[in-house]
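Colleague:
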Amino acid sequence: MSFIVWVAVLGAVLLTLALTSSYLRWMPVTTSAVCLGLGVAIGPAGLGWLRLDINDATFWMEHLTEVAVLFSLFVCGLKLRLPLKDRKWRVAYGLAGPVMVLTIIGVSLLLHFVFGLAWGPSLLIGAILAPTDPVLASLVQVNDAKDDDPVRFGLSGEAGLNDGIAFPFVILGLLFLQQSPDSSLAWLDDWALKRLLWAVPAGLLIGYCMGRGIGRLILSMRIRNADSTLSPNDYLTFALIALAYVAAESVHGYGFLSVFAAGLGLRRAEVKTTGDSHTPAEHLVQPVVGHQNVEPGAAVHGDVENLEDTQVAAGIMMGDMLSFGSLVERAMEVFLVTLLGVVLVGHWDWRAVAISLVLFCVIRPVSVALVPWGSLLTGPQRLLIGWFGIRGIGSFYYLFYALNHDLPPAVAAVCTDLTLSVVALSILLHGISTQPMLARYERHSRQLTSLPRQ
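According to this note's numbering, the stretch in the sequence shown is residues 1 to 454, in order.
Now the structure itself:
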């Protein structure tokens, strides 16, 4: 298919979503589910407008999904404003650590003992499907930087962390496939030291320091030069994502974790610069459309003259970066999920139905239940978190990463078919249930907060 056809179809999909957005808002369905259906309709199983050979597209699909995840991780980090010592971070740590590891173990055991897959492919597919997705899970994540609901905050932190923490286990699966049956396990020490104990903390530390340091530097320069309303914050978004990713990868740390931590560090720079630990700066200053044309020092908001220069500079910067990052994130989501619909019928595997039901209804909820949360989460909150383990673009990236590392053809086929099918089912099942369940949870939360204290 020509580039012109691809662009035309993408434009048609975006126009369809724009025209139907007012109707979709009142329906229990997400944009991702609609894009999946549109992809099936225009693919070989429908109108036949688009065709995509996965085997020929693995290289550029790996990097396209990588870019999508990077933008989503950065935006996710920007939205998490609570200090790292806040106890609600323990929910994110529990979900991204013990729950993810238990999920990998559960899926691997299911694939090996129930479906007869060898241990190597079972472990690899378990690692590919383990991380929850920061792109498709936007509805269940924090609404903005002021949102500290434990369910949404925990799910946001999980999506930001486990897309990087899953990396060593994907590599473990690949290494396991490369070993001969009679080889020793000495390579496990090297994997644990370099891929786990070094790469994870190195990525987090590098990204956090870069985000916080660059954020403080940029804000101080803008305040000093009175150019808060003129600076191109989209450039800064690209630059920080690129530099944090490259800096971590250059010392063999995980770039995904570095980019997520860069968003966290930049947010901490905003808190430190403005000195306001309660209200995000972008809530104080709401940039108007086309504020780049506003003269230095001119008001861009009705009450901006009552704010300090630090709050104006930080508010405009954070608001622009969140807006630009979210725009890129949504565009990539539409494109990639539509492509999933295009190739889905050709790679459908009916075993994914059973795998998905066990993963979503048994493995994930049981893994959440096994973690000793104490008073961090109530019973209903644990059930809600146990259900909202949405799989998506992160699993796509790890799939294409694995396919580009010389998998045997039979293993590559089963990994591709099961991953695409499980992600599609996650988009449908979680997409249909997200809005009703969240609406009920929020009503319940409002009722609890409105009760008079004894």
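C-beta: ideal position from N, C-alpha, C; glycine also.
Could you tell me the alpha carbon to alpha carbon distance between W348 and R446, rounded to whole angstroms?
Modeller: Cα to Cα, W348 sits roughly 42 angstroms from R446.
Colleague: My guess is that F169 and I104 are in contact by the Cβ rule of under 8 angstroms, so how many angstroms apart are they, rounded?
Modeller: At roughly 6 angstroms, the Cβ-Cβ gap stays under 8 angstroms, so F169 and I104 are in contact.
Colleague: Terminal residues of the continuous alpha helix (DSSP H) containing Y208?
Modeller: First-last of the alpha helix (DSSP H) with Y208: 199-225.
Colleague: Let me confirm a value: V353 is counted as buried when at least 16 other C-beta atoms fall within 10 Å, else exposed. Which label applies?
Modeller: Result: exposed.
Colleague: With distances taken between CB atoms, is the gap from L102 to L172 smaller than 8 angstroms?
Modeller: No, they are not a contact pair.
Colleague: Work out the CA separation of Y245 and K475 for me, nearest whole Å.
Modeller: Past the boundaries of the shown model lies residue 475; the chain is included only from 1 to 454, so the question cannot be answered.
Colleague: Would you say A239 touches the ligand FMN, meaning its beta carbon is less than 7 angstroms from a heavy atom?
Modeller: The ligand FMN is not among the ligands present in this structure, which contains no ligands whatsoever.
Colleague: Secondary structure at P44, three-state DSSP: helix, strand or coil?
Modeller: In this structure, P44 counts as coil in the three-state DSSP scheme.
Colleague: Suppose contacts are defined by Cβ-Cβ distances below 8 angstroms. Is V345 in contact with L52 by that definition?
Modeller: Result no, Cβ atoms of V345 and L52 do not sit closer than 8 angstroms.
Colleague: Suppose you measure from the CA of F388 to the CA of G97; what does that come to, to the nearest Å?
Modeller: Answer to the nearest angstrom: the Cα atoms are 16 angstroms apart.
Colleague: Contact check, I355 vs V422 under 8 angstroms by CB: the rounded distance?
Modeller: I355 to V422, Cβ: 6 angstroms. Contact.
Colleague: Fully enclosed by the stretch 303-376, which alpha helix (DSSP H) runs are 4 residues long or longer?
Modeller: If we require 4 residues or more, the alpha helix (DSSP H) runs fully inside the stretch 303-376 come out as 309-344, 351-358, 364-370.
Colleague: Please report the straight-line C-alpha distance between A41 and G48, rounded to a whole angstrom.
Modeller: Those two C-alpha atoms are separated by around 8 angstroms.
Colleague: By Cβ distance below 7 angstroms, which residues in the same chain neighbour A247 in space, the five residues on each side in sequence not counted?
Modeller: Cβ neighbours of A247 beyond the five flanking positions: I206, M210, S258.
Colleague: Kindly indicate which residue of N143, C35, Y398, L15 has the alpha-carbon position closest to the one of I165.
Modeller: With distances taken between Cα atoms, I165 lies closest to Y398.
Colleague: Are the CB atoms of A281 and L340 within a distance shorter than 8 angstroms?
Modeller: Contact flag unset, no.
Colleague: Spatial neighbours of G394 within its chain, please: CB distance less than 6 angstroms, with the 5 preceding and 5 following residues excluded, ordered by chain position.
Modeller: For G394, where only same-chain residues beyond five positions count, the Cβ hits under 6 angstroms are V69, P131, D133, D163.
Colleague: Measuring only the C-alpha atoms, how far is T30 from T279?
Modeller: Computed Cα separation, rounded: 30 angstroms.
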